[in-house]
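These notes concern the structure reproduced below.
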Amino acid sequence: MKNELQLPKWLTRGISEYFPKNEFEDSFAKTMHSSTENGEKLRVKLGIDPTGTDIHLGHSILFRKLRLFQDHGHTAVLIIGDFTAQIGDPTGKNKTRIQLPEDKVLENAKTYLKQLGLGKPANESILDFETKGRIEIRHNSEWLKDLNLNQVIKLLSASTVGQMLAKEEFNNRYNSQTPISLHEFLYPLLQGYDSVVVNSDIELGGTDQKFNIAIARDLQRQFKQKPQYGLLLPILTGLDGVKKMSKSEFNTVGISEDPLSMYSKLEKVKDDIIPSYLELLTSCDLLSISRKEPRELQRFMAFEVTSLFHDRQKAIEAQKNCEKIFLGEKEEVGDIPLISLKEIEFPLKFFYLLSKLNLFSSSSESKRTIKGGGVKLNSEKINDPDIAIKVKEDLVGKILQIGKKKSFRFED
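Quick note: the sequence shown uses the working numbering, first residue -2, plus one each step.
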């Protein structure tokens, strides 16, 4: 029986899928081993569309994997999608995305790079911007902005309408008669063309990016290049334990949040998703911690993740101060009062919910307190009293703070 080459553990940890797996092509493992033996630097592409300003823990999974490739001698090719961000990736969207102006996208890109550690020593940043040959930063407007019509037609000829409608989001919208703008079909083709221009060997992406990465492989073949490998990582579940981590779902932890806010949010992550947080966000030995009790595991995970983005001393201080902030010096974790949402009918506005729960004497008082910065949810200040809470699952398990002394935990 033929011995198969094994991929290194640093690479396989937390991977959902790598493709293609075809006996007639060089395997991904063979490519990795060959590059190591020959001292060859593989070009590992990761594209980011700066449509927002904050990088959260879900985003960090891809950047941490890219950093591991850097640390093993390969070149990270970071594509700033300043052109494609103006189109908007239709992945995960049930409607056409609003197009962003160019100046806003460029401003967001600078914020992203700062959060990733641009200008800092390699040992203090998420990506290595310091070591020569470890990173290329490219803006895809370099090659996409001046494409002529002949080039656009060539890109369009690489795909069919059938292929595009095979993409789940497009298919759902087509079947539900939700409009699909033609420019949205261009997005995966333009992103794929990025791979052609930078001649990538490997592309990293979330599991929702498989279609786009596969389109890039087709384009590379059309341009007589060796098709890249796709390396897919899981989508991190948000703090609610149900939906993917997303700013629009109010279930994120930003990598730039202060240590106390980060720790206090993570310490309340639901038991069933803690293993995935440890696997995807840390380098801890998963076997050695498998026997920890749930509460101990919560605290351990919160501490380890906080330590990654702040030094360990700050994580220790956050751990010590967390209960004091929420519960007071003498109270125990189990003593925090519970508020039942059983009798509440959703959806409704946040200020009205607090009034209906008799936490304020009137809706107007609730509204004034929120506007004045006196209400926090999981340590994050709520400034808009009109935020709509769609379902009670968005609140169950979260801690509500009113002022400095009142704390409550929502329950079903």
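Glycine is no exception: its CB is placed at the ideal position from the N, C-alpha and C atoms.
Exercise. Hey, quick one: how far does the beta strand (DSSP E) through Arg406 stretch, first residue to last?
Worked result: Here the beta strand (DSSP E) through Arg406 covers 403 to 408.
Exercise. Can you list, in chain order, the residues of its chain whose CB lies under 8 Å from that of Ile379, leaving out five sequence neighbours each side?
Worked result: So the qualifying residues of the chain are Phe347, Ile367, Val372, Lys373.
Exercise. Beta strand (DSSP E) containing Ala211: first to last residue?
Worked result: Taken as a continuous stretch (DSSP letters only), Ala211 belongs to no beta strand (DSSP E), being part of the alpha helix (DSSP H) at 207 to 219.
For this session: Identify every run of the alpha helix (DSSP H) within the region 289 to 365, keeping only runs that are complete inside it and at least 4 residues long; order them along the chain.
Result: If we require 4 residues or more, the alpha helix (DSSP H) runs fully inside the region 289 to 365 come out as 291 to 306, 309 to 324, 347 to 353.
For this session: Could you name the residues of the same chain whose beta carbon sits closer than 7 Å to that of Gln83, not counting the 5 residues immediately before and after it, in chain order?
Result: Hits under 7 Å: Gln96, Leu97, Glu99, Val102.
Problem set entry | Residue interval of the alpha helix (DSSP H) (run including Glu166) | Per DSSP, the unbroken alpha helix (DSSP H) holding Glu166 starts and ends at 165 to 172.
For this session: Under the assumption that Glu200 contacts Gln219 (Cβ atoms under 8 Å), give the Cβ distance between them as a whole number of angstroms.
Result: Actually they do not touch by this definition, with Cβ atoms about 16 Å apart.
For this session: Name the one or two DSSP bridge partners that His136 has.
Result: DSSP links His136 through a beta bridge to Ile77.
Exercise. So with Cβ pairs under 8 Å, would you call Tyr171 a contact of chain C?
Worked result: Among the chains of the structure shown, chain C does not appear; only one protein chain is present.
Exercise. Do the CB positions of Tyr190 and Leu153 come within less than 8 Å of each other?
Worked result: Taking 8 Å as the Cβ cut-off, Tyr190 and Leu153 do not qualify as a contacting pair.
Exercise. Which of the three DSSP states, helix, strand or coil, is assigned to Phe66?
Worked result: In the structure shown, Phe66 sits in a helix (DSSP, three-state: H, G or I).
Exercise. Could you check where the alpha helix (DSSP H) with Lys244 kicks off and where it finishes?
Worked result: Run containing Lys244: none; DSSP gives neither H nor E here.
Exercise. Rounded C-beta distance between Arg135 and Gln67? I'm assuming under 8 Å.
Worked result: That pair is no contact at about 16 Å.
Problem set entry | Backbone CA spacing between His69 and Lys241 [nearest angstrom] | His69 and Lys241 have their C-alpha atoms roughly 30 Å apart.
For this session: Pull up the distance between the alpha-carbon of Ile396 and that of Ala106, whole angstroms please.
Result: Using only the alpha carbons, I get a separation of about 33 Å.
For this session: With DSSP as the reference, label His53 as helix, strand or coil.
Result: Strand at His53.
Problem set entry | Of the residues Trp7, Lys389, Glu133, the one placed nearest Arg40, counting alpha carbons only | Glu133 is the residue among Trp7, Lys389, Glu133 whose C-alpha sits nearest the C-alpha of Arg40.
Exercise. Since Leu284 is in the beta strand (DSSP E), which residue starts that stretch and which ends it?
Worked result: For Leu284, there is no enclosing beta strand (DSSP E), since its DSSP letter is neither H nor E.
For this session: Express the C-alpha separation of Glu314 and Ser258 in angstroms, rounding to a whole number.
Result: Across the structure, Ser258 and Glu314 are spaced so that their CA atoms are roughly 12 Å apart.
Exercise. When you compare only the Cα positions, how much space is there between Leu356 and Ser404?
Worked result: The C-alpha of Leu356 lies about 11 Å from the C-alpha of Ser404.
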